[in-house]
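Q: Following my numbering, the numbering of the sequence shown begins with 396 at its first residue and continues without gaps.
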Amino acid sequence: MRPAEALAPKTNEDTARGLAFAVSAYVFWGFLPLFMKLLAHIPPAEVVAHRVIWSLPIAAAVLVALGRTATLREALRTPRMLAMGCVTAALVSINWGIYVWAIANDRTLDAALGYYINPLFSVLLGAVLLGERLNRAQLVAIGLAAAAVLILALDAGRLPWAAVGLMLSWGFYALAKKQLPIGPNQGFLLEVLILTPPALAYIGWLVVTGQSHFDPGFGPDTWLLLGCGVVTAVPLMAYANGAKGLRLSTIGVLQYIAPTMIFLCAVLVFKEPFGQARMIAFPMIWLALVIYSVAMLRGMRRAGV
396 MRPAEALAPK TNEDTARGLA FAVSAYVFWG FLPLFMKLLA HIPPAEVVAH
446 RVIWSLPIAA AVLVALGRTA TLREALRTPR MLAMGCVTAA LVSINWGIYV
496 WAIANDRTLD AALGYYINPL FSVLLGAVLL GERLNRAQLV AIGLAAAAVL
546 ILALDAGRLP WAAVGLMLSW GFYALAKKQL PIGPNQGFLL EVLILTPPAL
596 AYIGWLVVTG QSHFDPGFGP DTWLLLGCGV VTAVPLMAYA NGAKGLRLST
646 IGVLQYIAPT MIFLCAVLVF KEPFGQARMI AFPMIWLALV IYSVAMLRGM
696 RRAGV
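#1: Just to confirm the assignment, what range does the alpha helix (DSSP H) spanning Val-664 have?
#2: Can you tell me whether Ala-676 is buried or exposed, with buried defined as 16 or more other CB within 10 angstroms of its CB?
#3: Just to confirm the assignment, what range does the alpha helix (DSSP H) spanning Arg-446 have?
#4: Give the DSSP-derived three-state secondary structure of Ile-577 in the structure shown.
#5: Using 10 angstroms around the beta-carbon of Lys-405, count the other beta-carbons present and answer buried if the total reaches 16, otherwise exposed.
#6: Using the three-state DSSP reduction, which class does Thr-410 fall into: helix, strand or coil?
#7: So the candidates are Arg-446, Gly-509 and Phe-567; which of them puts its Cα closest to the Cα of Leu-620?
#8: Of all the beta strand (DSSP E) runs that stay within the bounds of the segment 475 to 516, which reach a length of 3 or more residues?
#9: Does DSSP put Gln-671 in a helix, in a strand, or in coil?
#10: So Ser-450 packs on Thr-617, CB below 8 angstroms; how close in whole Å?
#11: I think Leu-561 touches Asn-490, with their Cβ atoms under 8 angstroms apart; what is that distance to the nearest whole Å?
#12: Consult DSSP for Arg-472 and reduce its assignment to one of helix, strand or coil.
#13: What is the DSSP secondary structure of Tyr-651, counted as helix, strand or coil?
#14: Leaving aside the five residues before and after Ile-437 along the sequence, list all residues of the same chain whose C-beta is less than 6 angstroms from its C-beta, in chain order.
#15: Using the Cα positions of Pro-630 and Met-656, report the straight-line distance between them to the nearest angstrom.
#16: For Ala-420, collect the residues of the same chain with a Cβ closer than 7 angstroms to its Cβ; drop the 5 residues on either side in sequence, then sort them by chain order.
#17: Cβ of Asp-505 within 8 angstroms of Cβ of Pro-555?
#18: Over what stretch of residues does the alpha helix (DSSP H) that includes Ala-543 continue unbroken?
#19: Please classify Asn-500: is it buried, with 16 or more other beta-carbons within 10 angstroms of its beta-carbon, or exposed?
#20: Please report how far the alpha carbon of Ile-537 lies from the alpha carbon of Ala-460, in whole angstroms.
#21: Tell me whether the beta-carbon of Ile-498 lies closer than 8 angstroms to the beta-carbon of Lys-432.
#22: Should Met-679 and Ala-542 be called a contact, given that it needs their Cβ atoms to be closer than 8 angstroms?
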């Protein structure tokens with residue numbers, strides 16, 4: 396998933412095409428835990444490797460069909476852009492790994508928490524690293540989110556590491572992605588191109604040592620691992636195209652679809668315990684997001700956006 400700040404649309408009007416693409420992406424991400432739960436018996440590193448490998452042909456086919464390979468070739472020839480691509484590739488692979496681990500180990504609520512608080516973390520990053528000024532509503536929202544995480548940490552005797560890891564990895568990924576001067580589709584293909592050699596090497600090692608779950612006879616695990624490419628590449632590219640046809644304020648509201656669906660999957664489908672601490676912490680997060688969203692919408696309205 397990407398926070399609203401990750402990609403600004405090029406128009407100040409919402410379009411039906413943009414809305415369809417963006418909602419489809421967020422709904423897809425919301426149902427993703429159901430697919431990932433089927434892979435819970437496979438080590439997260441192997442799942443991530445297959446996400447990389449099988450995303451490559453899909454991303455390449457889309458870019459070729461769109462005729463946008465020139466900037467990708469330029470990026471591959473430019474050391475600075477290639478280095479930036481390595482940074483974003485490393486961050487997104489870490490994020491994928493934490494997410495897969497969280498679903499497999501009954502930490503889906505932590506995954507929802509991480510993506511809920513990510514927009515607020517992005518605002519904080521902008522203030523700390525980019526010198527952006529925080530208004531009062533943003534400070535209140537960030538304070539509420541921090542207090543909610545503290546409540547969960549005190550209750551469990553430790554930080555909700557999966558949530559914190561997802562927040563940190565995706566927040567820094569979005570920040571680094573903004574600095575990558577190529578389009579989102581090209582950037583995604585660049586990332587999977589960078590990650591493919593180590594992914595292939597790791598899968599090769601698993602095959603040689605007899606630990607691979609990828610069955611040449613096309614058993615159930617093989618089909619699931621092949622599907623990792625679709626569930627990885629399709630929503631990311633749908634989002635990238637949808638954001639071009641939506642106002643930033645619309646994306647800001649839509650981005651809560653995915654963590655809300657992840658939350659519902661955790662509670663209603665996976666039956667993860669929703670104890671007293673979470674009953675306090677999650678409403679605090681939701682209140683923080685309401686405060687943040689209302690302040691953002693008012694600010695954009697005053698600015699005439």
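Each residue gets a CB set at the ideal place from its N, CA and C atoms; glycine is no exception.
Remember, predicted model here, so these are calculated numbers, not experimental data.
A: Once the coordinates are examined:
#1: Indexing the sequence shown from 1 puts residue 664 at position 269. Note, Val-664: premise wrong, no alpha helix (DSSP H); not H, not E.
#2: Your numbering for residue 676 matches position 281 in the sequence shown. That one is buried.
#3: For the purposes of this step, residue 446 is identified with residue 51 of the sequence shown, where counting begins at 1. First-last of the alpha helix (DSSP H) with Arg-446: 439 to 461.
#4: To locate residue 577, count along the sequence shown from 1; it is residue 182. DSSP, read as helix, strand or coil, puts Ile-577 in coil.
#5: Locating residue 405 in the sequence shown gives position 10, counting from the first residue. Here Lys-405 scores only 45 on pLDDT, less than 50, and its place in the model should not be relied on; the value that follows carries that caveat. Residue burial is scored here from C-beta neighbours: Lys-405 has fewer than 16 other C-beta atoms within 10 angstroms and is therefore classed as exposed.
#6: By 1-based counting over the sequence shown, the position of residue 410 is 15. Here Thr-410 carries a coil assignment [DSSP, helix/strand/coil].
#7: Here the question's residue 620 lines up with position 225 in the sequence shown. Measuring from the Cα of Leu-620, the nearest candidate turns out to be Arg-446.
#8: Runs found: none.
#9: As a position in the sequence shown, residue 671 is number 276, starting the count at 1. DSSP places Gln-671 in helix when its eight states are reduced to three.
#10: Along the sequence shown, read from residue 1 onward, the residue named residue 450 stands at position 55. Along the sequence shown, read from residue 1 onward, the residue named residue 617 stands at position 222. Contact flag wrong, Cβ pair sits at about 16 angstroms.
#11: Translated into positions along the sequence shown, residue 561 becomes position 166. Translated into positions along the sequence shown, residue 490 becomes position 95. At roughly 6 angstroms, the Cβ-Cβ gap stays under 8 angstroms, so Leu-561 and Asn-490 are in contact.
#12: Residue mapping note: residue 472 aligns to position 77 of the sequence shown, counting from 1. Residue state, collapsed to three classes: helix.
#13: As a first step, residue 651 is located in the sequence shown; it is residue number 256 there, counting from the start. Three-state result, Tyr-651: coil.
#14: For the purposes of this step, residue 437 is identified with residue 42 of the sequence shown, where counting begins at 1. Once the five neighbours on either side are set aside, the close Cβ partners of Ile-437 are His-608.
#15: Within the sequence shown, numbered from 1, the residue matching residue 630 stands at position 235. Within the sequence shown, numbered from 1, the residue matching residue 656 stands at position 261. Roughly 15 angstroms between the two C-alpha positions.
#16: As a working note, residue 420 is residue 25 in the sequence shown. Closer than 7 angstroms at the Cβ level, and outside the excluded window around Ala-420, lie Pro-630, Ala-633, Tyr-634 and Gly-637.
#17: In the sequence shown, counting from the first residue as 1, residue 505 sits at position 110. In the sequence shown, counting from the first residue as 1, residue 555 sits at position 160. In this structure, the beta-carbon distance from Asp-505 to Pro-555 falls below 8 angstroms.
#18: The residue you call residue 543 lines up with position 148 of the sequence shown. For Ala-543, the enclosing alpha helix (DSSP H) covers residues 531 to 551.
#19: Counted from its first residue, the sequence shown places residue 500 at position 105. Taking a 10 Å sphere around the C-beta of Asn-500, we find fewer than 16 other C-beta atoms and assign the residue as exposed.
#20: Residue mapping note: residue 537 aligns to position 142 of the sequence shown, counting from 1. Residue mapping note: residue 460 aligns to position 65 of the sequence shown, counting from 1. Cα to Cα, the separation comes out at about 42 angstroms.
#21: Along the sequence shown, one-based indexing puts residue 498 at 103. Along the sequence shown, one-based indexing puts residue 432 at 37. Yes, these two residues count as a Cβ contact at 8 angstroms.
#22: In the sequence shown, residue 679 corresponds to position 284, counting from 1. In the sequence shown, residue 542 corresponds to position 147, counting from 1. The Cβ atoms of Met-679 and Ala-542 sit closer than 8 angstroms to each other.
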